[in-house]
Amino acid sequence: MNKYRSHNCNELRKKDVGSKVFLSGWINKKRDHGNLLFIDLRDNYGITQCIIDKENSNFSDLEKIQLETVIKIDGKVVNRSKETINKEIDTGEIEVVIETFKTLGTCNELPMPVFSDQEYSEEIRLRYRFLDLRRKKIHENIILRSKVISFIRNEMNKLGFLEFQTPILTSSSPEGARDFLVPSRLNPGKFYALPQAPQQFKQLIMVSGFDKYFQIAPCFRDEDARADRSPGEFYQLDLEMSFVEQDDVFNVVELLLTNTFKKFSNKKLIFSKFPKIPYKEALEKYGTDKPDLRNPLIINDITEIFERKDVSFEIFKRLVKSGSKVRCIVTKDTKDKPRSFFDNIDKWAKEQGASGLAYFTIEKDKDILAKGPIGKFFSTESLEEIMKKTKAQVGDSIFLACNKKTELERITSIARDKIAKDLKLVDENTFAFCWIVDYPMFEKDEQSKKIKFSHNPFSMPQGDKGKINFEKPLEILAYQYDIVCNGIELSSGAIRNHIPELMYKLFSIAGYDKKQVNEKFSGMINALSYGAPPHGGIAPGIDRIVMLLANEKNIREVTMFPMNQNAQDLMMNAPSEINESQLKELNLSLKIKK
RNA sequence: GGGGGUGUAGCUCAGUUGGUUAGAGCGAUCGCCUGUCACGCGAUAGGUCGAGGGUUCGAGUCCCUUCACUCCCGCCA
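Residue numbers (our numbering): 1382 to 1975.
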């Protein structure tokens, strides 16, 4: 028998009353009545109330002991009287009368209490992460993460995918995020890079004939953090399939995510089949390629209205003449909202760097008319045209913004979120997945005015090879897709370009000649020349999936040992300085800017 | 690289218009208490008010600089 415990702290029940047991765990809480002491003993599984009184010679020692000390207690399970049953805990019908105890791990005065619902600064939480992780909420989040990963792994196996590991030390890639670099001792002056994703490897696995691959893959990108983005490292469910089209990938991912979200959350999935929204349409209707479809509001373009003679809103008319667009958001039945509702949104928009959000409400007297600060600028006919275009009805309000396309998309997108929040239109108890499809292959870099890959250079362009119009590269679409849930981008993927000739052509448009492609992507391009299957895949972010399932807004709440915003691990003291001999061995010397 | 927020006891926070000795809860220490489950009661200790400079008779409070944490923009194929 194990010498530390006969049961864990969530095991004892009424049926155990009378038996002698020994438990080990942390002292979660003490309640000291002077001659009677209650100790809540906690482990990973739960809490058991233990009790001792002054008749016992161990009483005074236990009375003095610090919270979070690890102890082993020997005792007897007894019934609790009816009034003292605690329904909050699974073991609440019984308690253990302590006979003897032993300290297994002492505890200093705590820098942060474990038993408390208080919120602590992240600095202290990360510095003492081992204490933080004992706390209920995050402890459960991390357990959830483990269960989700193991469920996904099991599902992928059932679907016939093989799990492989790919190298962590690999080569630096020219496109994409900044690499983390590792100096090579055996190859002076040369560096490995940590993989930003196993992109090239998973394609090579397909070329190697393994058909279906997956991996819970660590990815390393040296970019700045956000609430939903860890600095340094994160995990993807990386997967790739041979002989597939876009829909084959969609079917696998929809099945997997549906099963996962149904199993680990009580929230409802709004769509059983995830809607597919072309990239261009997403930008028009939602102002972003990661729309929150729980939000029913839709953006409409009504630029044409401002070319009419019977509309006299001169500010917008002038902007439209110089190339700006007008887009609007209709809110249903808001004619009775107080003036402050509209003005708050206008004020908010100004704080977001917009020139504000104009608005009016559609009402009907004898004719249709617009009420509100700018209502008088619109004729009845123009209003009827707006109602036709936007499906607005009498009693609805219309918020308008006018700007150049990109800025207009930005402001209408966040306005859509803001207005829906103010009107409480978003059902927090749902998940709304969607696919964003038909991404453009190329885009124009606003600074350099050069054509560049808009996403992944290895994506397959749409259309038959012979029919693609390479003269108009910005119009070429790719079999490139994103999956979005509740406005959070979970991942992107693509059907890959497995035809070297076509790949050289596309790279030439982005300004790489054949020689450069051969040099930079030698592993890939070489492999594709020796019989590559058509293939494609995707890589959903594990951390973000768990974040959604755990109902957390910050990725560090589902990450066991995250780094802070400055990419430092406060507990382990990483990154840290290294000594001179290590540098010498690596043929490195430091020049630090002051 | 840029913008916003925060920084007061070990932890979480309050601190009025610039005004006498900077407070509370939790935690710690000591004492009382035999049915609590956020136990209760009493006492004690604990402060570079993030740091530096300035204005002022007087600064936790106003100004400047700076540091740390955090949120956002840039960045993240």
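Just so it is clear, CB atoms sit at the ideal spot from N, CA and C, and this is done for glycine as well.
Expected contact under 8 Å - CB spacing of residue i and residue j to nearest Å
i: I1767; j: I1686; result: 6 Å
i: W1816; j: Y1885; result: That pair is no contact at about 30 Å.
i: T1811; j: I1651; result: 5 Å
i: G1704; j: K1785; result: 7 Å
i: I1452; j: F1496; result: No, I1452 and F1496 are not in contact; Cβ-Cβ is about 15 Å, not under 8 Å.
i: R1602; j: A1558; result: 4 Å
i: D1819; j: P1659; result: 4 Å
Unbroken beta strand (DSSP E) run spanning residue i, endpoints
i: V1707; result: 1706 to 1712
i: V1625; result: Element bounds for V1625: n/a, residue is neither H nor E.
i: S1554; result: It is not in any beta strand (DSSP E) - S1554 carries neither H nor E in the DSSP assignment.
i: I1919; result: 1916 to 1919
i: E1933; result: It is not in any beta strand (DSSP E) - E1933 carries neither H nor E in the DSSP assignment.
i: E1824; result: 1823 to 1825
i: K1965; result: Careful: K1965 lies outside any beta strand (DSSP E), inside the alpha helix (DSSP H) at 1961 to 1966.
i: N1681; result: 1680 to 1682
Environment of residue i [buried if 16+ CB atoms lie within 10 Å]
i: Y1860; result: buried
i: F1403; result: buried
i: S1957; result: exposed
i: E1938; result: buried
i: Y1385; result: exposed
i: L1674; result: buried
i: E1449; result: buried
i: N1837; result: buried
Local conformation of residue i per DSSP, three classes
i: L1618; result: strand
i: D1973; result: One detail in the question is off: residue 1973 reads as Ile in this sequence, not Asp. Three-state result, I1973: coil.
i: L1485; result: strand
i: D1863; result: strand
i: K1649; result: strand
i: P1599; result: strand
i: N1632; result: helix
i: Q1546; result: coil
i: Y1740; result: strand
i: K1401; result: strand
i: D1798; result: helix
i: Q1843; result: coil
i: V1775; result: coil
i: L1858; result: strand
i: S1441; result: helix
i: Q1430; result: strand
i: D1894; result: coil
i: K1593; result: strand
i: L1789; result: helix
i: A1730; result: helix
i: T1472; result: coil
i: P1881; result: helix
i: S1873; result: strand
i: G1415; result: coil
i: F1814; result: strand
i: L1781; result: strand
i: V1807; result: coil
Unbroken alpha helix (DSSP H) run spanning residue i, endpoints
i: G1904; result: 1903 to 1909
i: T1761; result: 1761 to 1771
i: I1322; result: This structure cannot speak to residue 1322, because the chain is shown only from 1382 to 1975.
i: L1664; result: 1660 to 1667
i: V1588; result: 1580 to 1588
i: Y1573; result: No alpha helix (DSSP H) holds Y1573; the beta strand (DSSP E) holding it covers 1572 to 1574.
i: R1699; result: 1695 to 1702
i: R1460; result: According to the sequence as given, residue 1460 is Asn; it is not Arg. Looking at the DSSP string, N1460 is not in any alpha helix (DSSP H); the run it does join, the beta strand (DSSP E), is 1451 to 1460.
i: R1508; result: 1503 to 1508
i: E1490; result: From DSSP, E1490 is part of no alpha helix (DSSP H); its letter is neither H nor E.
i: L1567; result: Counting along the chain, L1567 falls outside any alpha helix (DSSP H), and DSSP gives it neither H nor E.
i: L1750; result: Counting along the chain, L1750 falls outside any alpha helix (DSSP H), though it belongs to the beta strand (DSSP E) covering 1749 to 1752.
Nearest neighbour of residue i, chosen from the options [CA to CA]
i: F1839; options: P1854, K1846, D1819, A1875; result: A1875
i: N1383; options: S1400, V1398, S1405, L1393; result: S1405
i: K1445; options: K1468, N1467, I1475, H1414; result: H1414
i: D1803; options: D1724, A1608, A1751; result: D1724
i: P1821; options: L1618, Q1546, L1855; result: L1855
i: F1851; options: S1565, K1805, F1888, R1506; result: F1888
i: Q1946; options: Q1627, E1604, K1833; result: E1604
i: I1470; options: F1942, L1417, I1428; result: I1428
i: T1484; options: I1408, I1433, I1530, P1492; result: I1408
i: E1688; options: K1702, A1735, L1781; result: K1702
i: K1410; options: Q1963, R1607, E1762, C1431; result: C1431
Near the ligand COA: residue i beta-carbon under 8 Å from a heavy atom
i: P1915; result: This structure lacks the ligand COA, and indeed carries no ligand of any kind.
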